[in-house]
Amino acid sequence: MADIKYRKGKTPHKREYRLIFRNIDREGWDPSLATYEADGGYQMAKKGLAMQPGEITDEVKASGLRGRGGAGFPTGVKWTFIPPHNTKPVYLICNCDESEPGTFKDRYIVHQDPHQLIEGMILSSYAVGAHVAYIYIREEFPEGARILETAIAEAREKSYLGKGIFGSDFDLEIYVHRGAGAYICGEETGLIESLEGKRPYPRIKPPYFPAALGLYMSPTIVNNVESLCHVKHILEMGGEAYARLGTPRNTGTRILCVSGDIKKPGYFEVEVGKVTLGELIYDICGGLKEGRKLKAVIPGGSSAKVLRADERFIINQGDEKVEIGVEDIPMDFDTLMACGSMAGSGGVIIMDDSRSMSWVLNNINHFYAHESCGQCTPCREGTLWMQKITDRITNGSASPEDVETLKSVADNIEGKTICAFGEAASWPVQSFIAKFHDELVADTDEANADSVVTPEGMLATADLK
Ligand SMILES: Cc1cc2nc3c(=O)[nH]c(=O)nc-3n(C[C@H](O)[C@H](O)[C@H](O)COP(=O)(O)O)c2cc1C
Ligand code: SF4
Numbered sequence: 000m001a002d003i004k005y006r007k008g009k010t011p012h013k014r015e016y017r018l019i020f021r022n023i024d025r026e027g028w029d030p031s032l033a034t035y036e037a038d039g040g041y042q043m044a045k046k047g048l049a050m051q052p053g054e055i056t057d058e059v060k061a062s063g064l065r066g067r068g069g070a071g072f073p074t075g076v077k078w079t080f081i082p083p084h085n086t087k088p089v090y091l092i093c094n095c096d097e098s099e100p101g102t103f104k105d106r107y108i109v110h111q112d113p114h115q116l117i118e119g120m121i122l123s124s125y126a127v128g129a130h131v132a133y134i135y136i137r138e139e140f141p142e143g144a145r146i147l148e149t150a151i152a153e154a155r156e157k158s159y160l161g162k163g164i165f166g167s168d169f170d171l172e173i174y175v176h177r178g179a180g181a182y183i184c185g186e187e188t189g190l191i192e193s194l195e196g197k198r199p200y201p202r203i204k205p206p207y208f209p210a211a212l213g214l215y216m217s218p219t220i221v222n223n224v225e226s227l228c229h230v231k232h233i234l235e236m237g238g239e240a241y242a243r244l245g246t247p248r249n250t251g252t253r254i255l256c257v258s259g260d261i262k263k264p265g266y267f268e269v270e271v272g273k274v275t276l277g278e279l280i281y282d283i284c285g286g287l288k289e290g291r292k293l294k295a296v297i298p299g300g301s302s303a304k305v306l307r308a309d310e311r312f313i314i315n316q317g318d319e320k321v322e323i324g325v326e327d328i329p330m331d332f333d334t335l336m337a338c339g340s341m342a343g344s345g346g347v348i349i350m351d352d353s354r355s356m357s358w359v360l361n362n363i364n365h366f367y368a369h370e371s372c373g374q375c376t377p378c379r380e381g382t383l384w385m386q387k388i389t390d391r392i393t394n395g396s397a398s399p400e401d402v403e404t405l406k407s408v409a410d411n412i413e414g415k416t417i418c419a420f421g422e423a424a425s426w427p428v429q430s431f432i433a434k435f436h437d438e439l440v441a442d443t444d445e446a447n448a449d450s451v452v453t454p455e456g457m458l459a460t461a462d463l464k
């Protein structure tokens, strides 16, 4: 990275380790195939196609790569779930819905380095035996879709896609499919329904695990944009060398998207678990706004449970158990889970002491009430009830008991729905009540409602009423 120049004001922070974002904001860089190839692009696709498909999967397994879309499931292991004696076509789907609030990374890959994604998809398709792959891109990224179409046309023109690619006997077509704008299209089975041209009602798992019964009831691997890009780097470095980046079980790099009450919000690619939440906030992002104190953090997109600034946690460190505070949490999958939240999609939302937690929760509740697909009663009805209750809390017309009712609604959604949207909607409510109960109750009194809120918070609350 030392030899690369970045655009003014865009130089990566010294704590960053850029693999996937190596070319993002790079001076003189453009999304064309010529630029990508001049920088060594498509060499790994050529190398991979000379290997056996299973060898690529083995490298990905050895790398320990965990999906960057939300659940952190090991990518190589997922690929092996395709039934061994399958006779149907296999599909690969790149999930470019990027719908989790607080997450803004996949769009930069698509806009600035689309061929990196295509190369990752060629390798991944070859490894899983897919001859048709789709990039499902959200409706709100029209420019991204256009850039991808151009990149695919360029690759096809050079026979990097199509029949017998790179002179091998492997055929692959990649199609861009634009969504119509719904959060639930990011959920893999909702996405598949949408890709089939239907309303994106998620499918129940089991039996509809995509690797067995996915697109057109055929085995389908769904992976996030960032996950698929890693495959190229794993092949370049070798799985074992890649696994030495990051920490054991939490390998490689990942892009953290930091937003909220912070001096320098943005995207930062770091080794997984090598940066603590405190280092991310104070070192990489320049700290909180002047005179402000940290109040809370949502560490993995809006669905992740909120962490309170003064919380303490007991975690395993090697063979020992140690007590740590919020700022000491290494940003990895396992530690964030041990602290009762999750690394999710990498969207880190910072809140300082100017924030009203009632307002923040109400904002989140509005999102989930709007985005529920409506298929399951607890989610369809419950998300709206939760929104109505936090509407009342923020405008001071709720009763203190409403906070208990709110919790009971959330408890009756979690675990009782077809897809994990149910958890995504109830976890914020449950965790805000567990950690900011007194503040929510205090806001039910008209005199206190929205008493601590920033000017933007006020505006947004006014919009919601
Ligand atoms: C409600 C909901 C929304 C989701 N949205 C996204 C999304 O926008 N992008 C994404 O990659 N994964 C999203 N996921 C996760 C996908 O279902 C799936 O697990 C992921 O695309 C798999 O890719 P990975 O293994 O590479 O992480 C969402 C899951 C849920 C439950
Ligand atoms: S949990 Fe919500 S989003 Fe998921 S299928 Fe049920 S109603 Fe739809």
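Here the sequence shown is numbered in numbering that gives the first Met the number 0, starting from 0 and rising by one per residue. The C-beta atom is built at its ideal place from N, Cα and C for all residues, glycine as well.
Closest Cβ-Cβ distance between residue i and chain B: below 7 angstroms?
i	result
Arg-145	Of the chains in the structure shown, none is chain B; there is only one protein chain.
Quick test of your reading: residue i and residue j, contact by CB under 8 angstroms. State the CB separation rounded to the nearest angstrom.
i	j	result
Glu-186	Phe-332	With a Cβ gap of about 19 angstroms, Glu-186 and Phe-332 do not count as contacting.
Lys-288	Asp-351	6 angstroms
Ser-98	Cys-228	With 8 angstroms as the limit, Ser-98 and Cys-228 do not qualify as a contact, their Cβ atoms being about 19 angstroms apart.
Ala-424	Ile-412	6 angstroms
Pro-82	Val-131	Incorrect: roughly 18 angstroms between the Cβ atoms, too far for contact.
Glu-370	Tyr-182	4 angstroms
Glu-322	Arg-307	Contact flag wrong, Cβ pair sits at about 15 angstroms.
Tyr-16	Leu-276	Wrong, their Cβ atoms sit about 17 angstroms apart, outside the cutoff.
Asp-112	Asn-222	That belief does not hold up - the Cβ atoms of Asp-112 and Asn-222 are roughly 17 angstroms apart, past 8 angstroms.
Asp-260	Ser-167	Not really, about 52 angstroms apart at Cβ, beyond 8 angstroms.
Met-330	Gly-272	6 angstroms
Val-257	Ile-349	7 angstroms
Val-347	Pro-298	5 angstroms
Phe-169	Phe-80	Contact flag wrong, Cβ pair sits at about 22 angstroms.
What is the DSSP secondary structure of residue i, reduced to helix, strand or coil?
i	result
Leu-64	coil
Phe-267	strand
Ala-126	helix
Gly-259	strand
Thr-453	Confidence at Thr-453 is low in this model, with a pLDDT of 47, below 50, so its placement is unreliable and no value can be given for it.
Thr-246	strand
Arg-354	coil
Val-274	coil
Asn-411	coil
Thr-219	strand
Ala-295	strand
His-369	helix
Ala-150	helix
Ile-417	coil
Val-109	helix
Val-305	coil
Gly-166	helix
Which value, in whole angstroms, describes the spacing of the CA atoms of residue i and residue j?
i	j	result
Ser-226	Arg-67	5 angstroms
Glu-172	Leu-48	15 angstroms
Ala-461	Gly-395	For Ala-461, the predicted structure reports a pLDDT of 46, less than 50, and the residue's modelled location is therefore unreliable. The matter cannot be settled from this model.
Ala-179	Arg-137	7 angstroms
Thr-102	Lys-157	34 angstroms
Arg-248	His-110	31 angstroms
Tyr-90	Val-127	8 angstroms
His-114	Tyr-241	21 angstroms
Gly-213	Met-356	40 angstroms
Thr-74	Ile-363	30 angstroms
Leu-18	His-176	27 angstroms
Ile-417	Ser-301	20 angstroms
Gln-42	Lys-231	9 angstroms
Pro-377	Pro-427	16 angstroms
Lys-9	Asn-94	27 angstroms
Ile-151	Leu-160	8 angstroms
Lys-77	Thr-219	10 angstroms
Lys-434	Lys-294	11 angstroms
Lys-304	Ala-70	14 angstroms
Leu-405	Ser-340	20 angstroms
Arg-202	Gly-189	7 angstroms
Ser-430	Val-296	12 angstroms
Lys-292	Arg-14	23 angstroms
Asp-29	Cys-284	27 angstroms
Glu-148	Tyr-5	26 angstroms
Asp-410	Phe-20	39 angstroms
Phe-140	Pro-100	15 angstroms
Would you check if the stretch 59-69 and the stretch 233-250 touch, i.e. whether three or more CB-CB distances between them fall below 8 angstroms? Yes, they touch.
Within the structure, which residues are defined as neighbours of ligand 2 by a Cβ-heavy atom distance below 7 angstroms, reported in chain order? Result (chain order): Ile-183, Glu-186, Tyr-200, Pro-201, Ser-371, Cys-372, Gly-373, Gln-374, Cys-375, Cys-378, Arg-379, Thr-416, Ile-417, Cys-418, Phe-420, Gly-421.
Give a yes or no on contact between the stretch 374-392 and the stretch 326-342, applying the rule of three or more CB pairs nearer than 8 angstroms. No, they do not touch.
If we count Cβ pairs, one from each stretch, closer than 8 angstroms, do we get three or more for the stretch 314-321 versus the stretch 212-226? Touching, no.
Is it a yes or a no for the stretch 238-257 touching the stretch 268-279, going by three-plus beta-carbon pairs under 8 angstroms? Taking a cut-off of 8 angstroms for Cβ pairs, the stretch 238-257 and the stretch 268-279 touch, as three or more such pairs fall below it.
Quick check: the stretch 194-209 against the stretch 103-111, are there 3 or more CB pairs under 8 angstroms? Result no; under three Cβ-Cβ pairs closer than 8 angstroms.
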